[in-house]
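If you read the protein sequences in the order shown, they are chains W and Z.
All residue numbers for the first sequence refer to our numbering, where the first residue is 684 and numbers rise by one.
All residue numbers for the second sequence refer to our numbering, where the first residue is 348 and numbers rise by one.
For every residue, glycine included, the Cβ atom is placed at its ideal position computed from N, Cα and C.
Quick caveat, the model's predicted, so the values are computed rather than measured.
Take a look at the structure set out below.
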Amino acid sequence: MLKILKYSFFDLARSRWSYIYFLFYLLLGFILFFLNHEVSKAVITLLNIIIILTPLIGTIFGVMYYYSSKEFTELLLAQPLKRTTIFIGQYLGLSLSLSLSLILGLGIPFVLYGVFLSSAIWNFTMLLLIGGFLTFIFVALSFLIGLSFNDKIKGFGVAILLWLFLAVIYDGIFLLSMILFDDYPLDKFALAMTMFNPIDLSRILILLKLDISALLGYTGAVFQKFFGTNFGMIISMTVLSLWILVPSWFMVKKALKKDF
Amino acid sequence: MTIKSFIPFILLLTTSVLFAGKTKVCPSCENQSIRTAIKSTPVGDTLIIEQGTYLESDLTIDKPITIIGINYPVIDGEEKSYIFNIISDSVTIKGLTLKNVGLSYTTDFAAIHTYNVKTFHFEDNRIYNAFFGFHIEKSKNGIIKNNTIIGSAITEYNSGNGIHLWHCSKIQILGNTIEKMRDGIYFEFVKNSIVQGNLSQKNVRYGLHFMFSDNNQYKNNHFEINGAGVAVMFSKNVIMENNTFRLNWGSASYGLLLKEINDAVILNNTFDQNTIGINADGTNRIIFKNNNFKNNGWAIRFLGACYGNNIIQNNFLQNALDISYKGSMNNNIFDKNYWSEYAGYDLDKDNIGDVPYRPVKLFSYVVNNTPETIILLRSLFVDIINFSEKVSPIFTPDNLKDFNPLMKPIQTND
């Protein structure tokens, strides 16, 4: 598995797209600091970008990589190798290289502008950690989609739809249901709803770390009470991990049964 | 009458001031007790308290005298009761350190308590560990000036207010520093009074609390890091000028809470880093002018029944949400404000944007109706609905806009 991981990783490390992705974050980081010099403010701006962009890039890269390396995968399947090894190896290779682009791309400007000296270091680490989580989650989901649809266009469509659903439509339904059930106590419901969407969960986790959390008022206090404790932190990290593990488990199951 | 006929009177007056008897108390004097000294001080005389520590409490002053402390003598109430209980007109207390006032759940013990008194003057006193600092009841024409009141309040139910006024009129509260009490300054049924140049900070509840108090002014005060900010409730004709409301940050905090306020003027104030700059509920005919709203969560949040307000020539700078409004009807006027989020243009270069600005975002409207939805703050969906509402407003009142948004911030005096 390590060999395949290594192969995928270096294959991607040589690819143009990884560099573009890396350079994009690098540029973004520098532009942010060019426009305002405060590390803590830059973290807030990054929040918006990370929770939308990492899932999107993860999804597109995942599906693209799956379909473009399909022939190579079939070649590998002809070798005496376990299917689990092949797919998990490829999955980890891709996720790691994307996460690395993110971490290096944003890390370099932040380190140059002195994130280590700033109090925002924990928020920044949290941001990168969550960016990493989101990458792993959405690459797993897109691999699963790739395995489920032989048709490239269909796969692409479904993957984008999934991203759209989790990034936008889910929040719309969330908002509407809260407005409709206005008369009922909604905090527990809101808490549960965020758990079922990794993008929402990531957003809340970072928001609560920032000053802006006071804006959330009473509902925020309920969330703070939950996420502020070690228990809440463990739960939310577990949920994020489950968001990686469950799709990858389905992915492996599908890969084992699939007739190539 | 000529000036000559006044001379005897003037002479009499000056001699009586010059030769007024001065009673003295000090730890090494013949007279070591303030209580007996007060008794032996004739009406209109001065009692001098020299440096030292006096363990006394519940000192009743029933005649017009002046008490002056030299080098801030300490009167320690040993947490028993009141320290001074004033029931006479024209009492002056200056330069004392008063500490350890008793805590009670039935009586509002205070370092200085007055009841039914005219003309008092309390200046330059230092009050520490007091349940209430000043408790002024049914009194008139008083001055409370340059005092320092520092408490150690942690909870609301077992702490008192710094300066507490009840049924008073024509009181001046000037240049005091109040810290860590329940409410810094508390007004209930107070008329025609002025609060000026005070610093009220780190109080458990409000920096300043107005209830049923008409025709008052507060100016040049500084309210910082209070539990919930400043509350002005059920009052008419209040003038608020040149105050600074800062760092009232917390899930139930605001810079200024207005509740049932009519005909007030809010001028030249600065609201900086408050969760909610102004929380307005049932406020009518108020003029908000030349205020600075910087880095607040909400700059102004209008809850129900706010009509006929004029929001003119203010600066709204980098607030998460500028205005939040409830209801579909609006007759409040927003005019000539500077909005840092305004994205319009100014072709004729007259410093007035050519496109009206709509300060209420759909999301802030939704949040006002269903507070729990705030949890979707900064999600992509919210940005999308805000944008679509901006392009074609459906939910927010159509006429709630600033027709003349300024292109450059207003120069204010801070």
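What in chain Z is Cβ-close to residue i, meaning under 7 Å?
{"i": "Phe857/W", "result": "Leu723"}
{"i": "Val841/W", "result": "In chain order: nothing, as chain Z lies at least about 20 Å away."}
{"i": "Asp942/W", "result": "None at all; the shortest Cβ gap to chain Z is about 38 Å."}
DSSP on residue i, reduced to helix/strand/coil?
{"i": "Lys748/Z", "result": "coil"}
{"i": "Val585/Z", "result": "coil"}
{"i": "Phe618/Z", "result": "strand"}
{"i": "Phe715/Z", "result": "The sequence as given places Asn at residue 715/Z; Phe does not occur at that position. Three-state result, Asn715/Z: helix."}
{"i": "Asp866/W", "result": "coil"}
{"i": "Asn731/W", "result": "helix"}
{"i": "Lys641/Z", "result": "strand"}
{"i": "Tyr702/W", "result": "helix"}
{"i": "Asp694/W", "result": "helix"}
{"i": "Leu406/Z", "result": "strand"}
{"i": "Arg766/W", "result": "helix"}
{"i": "Trp926/W", "result": "helix"}
{"i": "Leu893/W", "result": "coil"}
{"i": "Gln773/W", "result": "helix"}
{"i": "Lys427/Z", "result": "coil"}
{"i": "Arg725/Z", "result": "coil"}
{"i": "Asp854/W", "result": "helix"}
To which residues of the same chain is residue i closer than 6 Å at the C-beta, ignoring the five residues directly before and after it?
{"i": "Thr877/W", "result": "Asp883, Leu884, Ile887"}
{"i": "Glu736/Z", "result": "Leu709"}
{"i": "Tyr504/Z", "result": "none"}
{"i": "Lys441/Z", "result": "Ile415, Glu470, Asp471"}
{"i": "Glu571/Z", "result": "Gln548, Arg593, Leu594"}
{"i": "Tyr654/Z", "result": "Asn631, Asn678"}
Mind pulling the chain Z residues with CB within less than 9 Å of residue i?
{"i": "Val851/W", "result": "Ser726, Leu727, Phe728, Ile731"}
{"i": "Phe906/W", "result": "Ile722"}
{"i": "Asp865/W", "result": "Asn716, Thr717, Glu719"}
Using the Cα positions of residue i and residue j, report the straight-line distance between them to the nearest angstrom.
{"i": "Ile491/Z", "j": "Ile757/Z", "result": "35 Å"}
{"i": "Gly624/Z", "j": "Glu688/Z", "result": "17 Å"}
{"i": "Val841/W", "j": "Asn666/Z", "result": "39 Å"}
{"i": "Lys487/Z", "j": "Leu402/Z", "result": "30 Å"}
{"i": "Gln543/Z", "j": "Ile417/Z", "result": "26 Å"}
{"i": "Ile722/Z", "j": "Gly691/Z", "result": "30 Å"}
{"i": "Lys636/Z", "j": "Asn913/W", "result": "47 Å"}
{"i": "Ser598/Z", "j": "Ala904/W", "result": "7 Å"}
{"i": "Cys376/Z", "j": "Glu526/Z", "result": "35 Å"}
{"i": "Ala458/Z", "j": "Gly531/Z", "result": "15 Å"}
{"i": "Val794/W", "j": "Leu785/W", "result": "14 Å"}
{"i": "Gly507/Z", "j": "Lys641/Z", "result": "32 Å"}
{"i": "Phe807/W", "j": "Gly814/W", "result": "10 Å"}
{"i": "Leu800/W", "j": "Ile828/W", "result": "43 Å"}
{"i": "Leu358/Z", "j": "Asn463/Z", "result": "Because the pLDDT at Leu358/Z is just 47, under 50, the model does not fix this residue reliably, and the value given afterwards should be weighed accordingly. If I take the Cα positions, the gap works out to 33 Å."}
{"i": "Phe770/W", "j": "Trp932/W", "result": "11 Å"}
{"i": "Ile735/W", "j": "Leu845/W", "result": "13 Å"}
{"i": "Asn584/Z", "j": "Phe559/Z", "result": "11 Å"}
For residue i versus residue j, is the C-beta distance shorter than 8 Å?
{"i": "Asn715/Z", "j": "Lys673/Z", "result": "yes"}
{"i": "Asn539/Z", "j": "Asn568/Z", "result": "no"}
{"i": "Gln620/Z", "j": "Arg593/Z", "result": "yes"}
{"i": "Trp645/Z", "j": "Ser671/Z", "result": "yes"}
{"i": "Thr393/Z", "j": "Tyr419/Z", "result": "no"}
{"i": "Val551/Z", "j": "Ile586/Z", "result": "no"}
{"i": "Ile474/Z", "j": "Asn447/Z", "result": "no"}
{"i": "Lys604/Z", "j": "Ala578/Z", "result": "For clarity, residue 604/Z is Leu in the given sequence; the question names Lys instead. It is a contact, given that the beta carbons lie within the stated cut-off."}
{"i": "Asn631/Z", "j": "Ile658/Z", "result": "no"}
{"i": "Leu718/W", "j": "Gly772/W", "result": "no"}
{"i": "Phe821/W", "j": "Gly712/W", "result": "no"}
{"i": "Tyr750/W", "j": "Gly838/W", "result": "yes"}
{"i": "Asn826/Z", "j": "Phe618/Z", "result": "Lying outside 348 to 761, the shown extent of chain Z, residue 826/Z is not represented and no answer is given."}
{"i": "Lys753/W", "j": "Ser831/W", "result": "no"}
{"i": "Leu789/W", "j": "Leu824/W", "result": "no"}
So which residues of chain W does residue i contact, with C-beta pairs closer than 7 Å?
{"i": "Glu719/Z", "result": "Met861, Leu869, Asp870, Ala873, Thr902"}
Could you name the residues of chain Z that residue i contacts, counting a contact when the two beta carbons are closer than 8 Å?
{"i": "Leu890/W", "result": "Leu724, Arg725"}
{"i": "Leu730/W", "result": "Arg725"}
{"i": "Ile887/W", "result": "Ile722"}
{"i": "Asp854/W", "result": "Leu723, Ser726, Leu727, Phe728, Val729"}
How would you list, in chain order, the residues of chain A whose beta-carbon sits under 8 Å from the beta-carbon of residue i?
{"i": "Ile735/W", "result": "Judged by its chain identifiers, the structure shown contains no chain A, and its protein chains are W and Z."}
Among residues of its own chain, excluding the 5 on either side of residue i, which ones have a beta-carbon nearer than 7 Å to its beta-carbon?
{"i": "Phe728/Z", "result": "none"}
{"i": "Phe943/W", "result": "Glu757, Leu760"}
Under 7 Å: does the beta carbon of residue i sit that close to some heavy atom of the ligand SAH?
{"i": "Thr453/Z", "result": "By its list of ligands, the structure shown contains no ligand whatsoever, and the ligand SAH lies outside what it can speak to."}
If I measure Cβ to Cβ from residue i and keep anything under 8 Å in the same chain, skipping five residues before and after, which residues do I get?
{"i": "Leu869/W", "result": "Met861, Thr902"}
Which residues in chain W have a C-beta closer than 8 Å to the C-beta of residue i? List them in chain order.
{"i": "Val713/Z", "result": "Leu858, Ile862"}
Just to make sure I have the definition right: I need the residues of chain W whose C-beta is within less than 9 Å of the C-beta of residue i. Which are they?
{"i": "Gly739/Z", "result": "Note that residue 739/Z corresponds to Ser in the displayed sequence, not to Gly. The contacting residues do not exist; Ser739/Z stays about 18 Å from chain W at best."}
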